[in-house]
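Peer 1: Sharing a structure below in structure tokens format, with a few things to ask.
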Amino acid sequence: MIELRHVKKVYSANGGETVALDDVDLTIEDGAVYGIIGLSGAGKSTLVRCINLLERPTEGQVLIDGEDLTKVKKKRLLEIRRSIGMIFQNFNLLEQRTVEANVRFPLELAKVRRTTAAKEVRYTREEMRQRVGELLELVGLADKAKAYPSQLSGGQKQRVAIARALATKPKYLLCDEATSALDPNTTQSILGLLKNINETLGVTIVVITHEMKVVESICTDVAVIDRSRVAERGKVSEVFSFPQSEIAKELIIPNLIRSLKSTGGKKLRLVFNGEISDTPVISGLALRYGIAVNILYADTKNIDGKTFGHMVIALPDDGEKAELVKRHLAAQNVIFKEEL
Amino acid sequence: MSRLFSQLGFEGFALGVWETLYMTVVSAAVAYLIGLPLGILLCITDRDGLKPVVWLNKIVGAVVNILRSIPFIILIVALIPVSRAIVGTSIGNEAMIFMLIVAAAPYVARMVESSVKEVDRGVVEAARSMGATTFQIIRKVYLPEAKPSLIVGAVISTVTVIGYSAMAGTVAGGGLGAIAVTQARPSNAEDVIWLCVALIVIIVQIIQELGMWVAKRTDRRIRGSKKQRKAAKPHKNQDQNKEISV
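Chains as they are written, first to last, in the working numbering: chain A, 1437 to 1776; chain B, 992 to 1237.
The following block contains the structure:
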């Protein structure tokens, strides 16, 4: 479990001070895929670097499985870092090493404790070779073992980086804007790989991103960061259905907010969070009660026969009709909220 | 053909070439042994380096700058007593080698510093995230990743040393420079001067071309087809403006 307690990070440069993180509390349970989302400059990159102490918090605690990283000795910190893999937006591969040598790199750095020996020893050549083979197989790049990074595409480079990050069998994997430099298709395939790693290897994943789609497609939990603080956090299904904070609304349903603001009159916001199946709710209104409502905004999608997303409809001015609409929606188990 | 030219003959010029190469190679090698760790030290103790030690960085930086700003011909004169104390003599090739080392080591240090600083910070950060120690980062990230650039720096330093070595005549050392300045000039043996110049140019050319060829061959970023080279380039630029949100 990763816990951040009252983490504050202040950069001081040229006499001025910049607060990058302010009183951040987060708990990331084992097995989660935890999304941290925010606009650029919100502090999310600093936040993820505080988890493995690449950035040392000015105040607060960083607990990894109960151990406070801000208090441990240097040697122990390096050990703990080996149990936390990390991948980056720009992949950060060693350009002068082949793919397999890149994946081998963390193994060269690390020592392992063997049950038979009291002291820690280096991995043997054979162990490294075998592990590298497994990892390249896992990320689907076994045929590129001898290639150099400059010969690979962005998606392939990120796969190498993932293999490298997993070499020492870490319990956690931090992803800092890992898909931001990739095209949509490649992003999907990398996200699929991460999801697979989470499910099959049980690696807890922390995903830093500014893209909603990333959180939507793989995360179980999400925290929204705004101006150095956690604005909102919770299960993705909850936060995405009912974003509370202004920033979360802005990020999750920007067009919806815009359409609410641009038209007058009473409106209803409908939330589809997968609990009702694919019934034509709005056409039902027209067919049953002869009430035609204006759809001001709709962004819904169908996943496994369930509807997810948001819709905004204009409420009829006639109060009776408006009541009918609400009753009909309630009968259909649609969650709705009146908005002005 | 001047009298000096025939006097020197093949053997005279061959000795000149040999002495120039000997002084250059020995002093460049020793200067590199001193300059490499100094350059790494300058890089990692920098304010935003791996292990910032600002006072040490300032002191080493100042010494390096002072030594680099003294014109070599003046440095030779200044170093005469120092050379006598350390090498035991202030004349001849050995004294010259000592002076060349003093002049070249700070130069190498700056070259190494700039090569190492070129290594992508993101890659260093990745190594840190894997629990690499500072020493491991130097040995497994900085040096291998900067290798092509380090080789280019070494070539440039060596060529500079060849130029300096021509002043060996001032301390009664040998080599092509000494032949041209102390023997050929007083007797107006222009053919000797021009042959010495030509030989130095050839030596420089060979070292330069050889060094660049090795540097290019070891660089894995630009190997492969033209297409791959193109594909690799924009990515390099991206690395430079790595965004860290604050």
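In this text, a Cβ means the ideal position worked out from N, Cα and C, and glycines have one as well.
(1) Using the three-state DSSP reduction, which class does S1216 of chain B fall into: helix, strand or coil?
(2) Taking the straight line between their C-alpha atoms, what separation do you get for Y1725 of chain A and I1718 of chain A?
(3) Are the C-beta atoms of P1493 of chain A and some chain B residue less than 8 Å apart?
(4) Identify which residue in A:S1481, A:L1721, A:K1445 and A:E1536 has its Cα closest to the Cα of R1763 of chain A.
(5) Do L1609 of chain A and G1521 of chain A have their C-beta atoms within less than 8 Å of each other?
(6) Identify, in the order they occur along the chain, each residue of the same chain with its Cβ nearer than 8 Å to the Cβ of G1202 of chain B, setting aside the five sequence neighbours on each side.
(7) Around the Cβ of D1039 of chain B, are there at least 16 other Cβ atoms within 10 angstroms (buried) or fewer (exposed)?
(8) Using 10 angstroms around the beta-carbon of Q1231 of chain B, count the other beta-carbons present and answer buried if the total reaches 16, otherwise exposed.
(9) Using DSSP with H/G/I as helix, E/B as strand and the rest coil, what is Q1199 of chain B?
(10) Report the residue ranges of all beta strand (DSSP E) runs contained in full by the stretch 1096 to 1120 of chain B; include only those spanning at least 3 residues, in chain order.
(11) Please go through the same chain and pick out, in chain order, the residues whose beta-carbon is closer than 6 Å to the beta-carbon of E1647 of chain A, but skip the five residues on each side of it.
(12) Using the C-alpha atoms, what's the distance from E1711 of chain A back to A1767 of chain A?
(13) Please name the residue, chosen from A:E1759, A:V1666, A:K1649 and A:I1683, that lies closest to I1727 of chain A on a Cα-to-Cα basis.
(14) Given a cut-off of 8 Å, decide if L1687 of chain A and Y1733 of chain A are closer than it, judged by their beta-carbon atoms.
(15) Suppose the cutoff is 7 Å on Cβ atoms and the five residues either side in sequence are ignored; what does the same chain contact list for S1216 of chain B look like?
(16) Do you know whose CA, among B:A1117, B:K1131, B:R994 and B:F1004, lies nearest I1191 of chain B's CA?
(17) Does E1439 of chain A have its Cβ less than 8 Å from a Cβ in chain B?
(18) Would Q1199 of chain B pass as an interface residue toward chain A - the criterion being a Cβ-Cβ separation below 8 Å?
(19) Around the C-beta of E1756 of chain A, are 16 or more other C-beta atoms found within 10 angstroms, so that it is buried, or is it exposed?
(20) Below 8 Å, can you find three or more Cβ-Cβ pairs linking the stretch 1096 to 1106 of chain B to the stretch 1573 to 1592 of chain A?
(21) Helix or strand or just coil, what does DSSP make of F1244 of chain B?
(22) Just confirm the distance between the C-beta atoms of T1494 of chain A and K1444 of chain A, as a whole number of angstroms; I'd bet it's less than 8 Å.
(23) Check the Cβ of E1686 of chain A against every Cβ in chain B and list those closer than 8 Å, keeping chain order.
(24) Please look up how many angstroms separate the CB atoms of V1498 of chain A and L1505 of chain A, rounded, as I've assumed it's under 8 Å.
(25) Check this for me: beta carbons of L1058 of chain B and Y1155 of chain B, under 8 Å apart or not?
(26) Check the Cβ of G1113 of chain B against every Cβ in chain A and list those closer than 9 Å, keeping chain order.
(27) Whose C-beta lies closer than 7 Å to the C-beta of G1638 of chain A among residues of the same chain, with five residues either side of it excluded?
(28) Decide if the stretch 1653 to 1661 of chain A is in contact with the stretch 1592 to 1612 of chain A; the criterion is three or more beta carbon pairs, one per stretch, under 8 Å apart.
(29) Give every residue of the same chain whose Cβ lies closer than 8 Å to the Cβ of E1453 of chain A, excluding the five residues on either side of it in the sequence, and list them in chain order.
(30) Restricting to Cα atoms, I'd like to know which of B:V1115, B:M1087, B:I1088 and B:A1086 is closest to V1542 of chain A.
(31) Going by CA-CA distance only, name the one from B:V1103, B:G1122 and B:A1076 that's closest to V1055 of chain B.
(32) What is the DSSP secondary structure of V1748 of chain A, reduced to helix, strand or coil?
(33) Out of A:V1642, A:V1548 and A:Q1680, state which residue places its alpha-carbon closest to the alpha-carbon of M1437 of chain A.
(34) Mind checking who Y1470 of chain A pairs with in its DSSP beta bridge?
Peer 2: According to the structure shown:
(1) Here the model assigns S1216 of chain B a pLDDT of 44, short of 50, so the residue's position is not dependable, and the following value carries that caveat. Here S1216 of chain B carries a coil assignment [DSSP, helix/strand/coil].
(2) Straight across, the Cα-Cα distance linking Y1725 of chain A with I1718 of chain A is about 11 Å.
(3) Chain B contact via Cβ: absent.
(4) The shortest Cα separation from R1763 of chain A among A:S1481, A:L1721, A:K1445 and A:E1536 belongs to A:L1721.
(5) It is a contact, given that the beta carbons lie within the stated cut-off.
(6) So the qualifying residues of the chain are I1142, V1143, A1145, V1146 and T1149.
(7) Taking all protein chains in view, the Cβ of D1039 of chain B is surrounded by fewer than 16 other Cβ atoms within 10 Å, so the residue is classified as exposed.
(8) With a pLDDT of 40 at Q1231 of chain B, under the threshold of 50, the predicted position of this residue should be treated as unreliable, though the coordinate-derived value follows. Result: exposed.
(9) If DSSP states are grouped into helix, strand and coil, Q1199 of chain B belongs with the helices.
(10) Residue ranges of uninterrupted beta strand (DSSP E) with 3 or more members are absent from the stretch 1096 to 1120 of chain B; none lies entirely inside it.
(11) The answer is none, since no qualifying residue turns up.
(12) Rounded to the nearest whole angstrom, the C-alpha separation of A1767 of chain A and E1711 of chain A is 13 Å.
(13) It is A:E1759 whose Cα lies nearest to the Cα of I1727 of chain A.
(14) No.
(15) Bear in mind that a pLDDT of 44 at S1216 of chain B, under 50, signals an unreliable position, so the number given afterwards is only what the model happens to contain. Here the set comprises nothing.
(16) The residue from B:A1117, B:K1131, B:R994 and B:F1004 with its alpha-carbon nearest to that of I1191 of chain B is B:F1004.
(17) The beta carbon of E1439 of chain A sits no closer than 8 Å to any beta carbon of chain B.
(18) Taking Cβ atoms only, chain A never reaches closer than 8 Å to Q1199 of chain B, which makes this a no.
(19) With fewer than 16 other Cβ atoms within 10 Å, it is exposed.
(20) No, the stretch 1096 to 1106 of chain B is not in contact with the stretch 1573 to 1592 of chain A.
(21) Nothing can be reported for residue 1244 of chain B, as the shown portion of chain B is limited to 992 through 1237.
(22) Beta-carbon to beta-carbon, T1494 of chain A and K1444 of chain A are separated by about 5 Å, close enough to satisfy the 8 Å threshold.
(23) Those within 8 Å of E1686 of chain A in chain B number zero; the least Cβ separation is about 17 Å.
(24) Rounded, the Cβ-Cβ distance is 4 Å, consistent with contact.
(25) Going by beta carbons, L1058 of chain B and Y1155 of chain B fall outside the 8 Å limit.
(26) Listed along chain A are F1524, Q1525, N1526, F1527 and N1528, each with a C-beta nearer than 9 Å to that of G1113 of chain B.
(27) Taken in chain order, the residues that qualify are G1467.
(28) Flag = no, the stretch 1653 to 1661 of chain A and the stretch 1592 to 1612 of chain A do not touch.
(29) Cβ neighbours of E1453 of chain A beyond the five flanking positions: V1446 and Y1447.
(30) Looking at the sequence provided, one finds Pro at residue 1542 of chain A rather than Val. Answer by Cα proximity: B:V1115.
(31) The option with the nearest alpha carbon to V1055 of chain B is B:V1103.
(32) It is a strand residue.
(33) Nearest option by C-alpha distance: A:V1642.
(34) Answer is A:V1642 and A:D1657, bridged to Y1470 of chain A.
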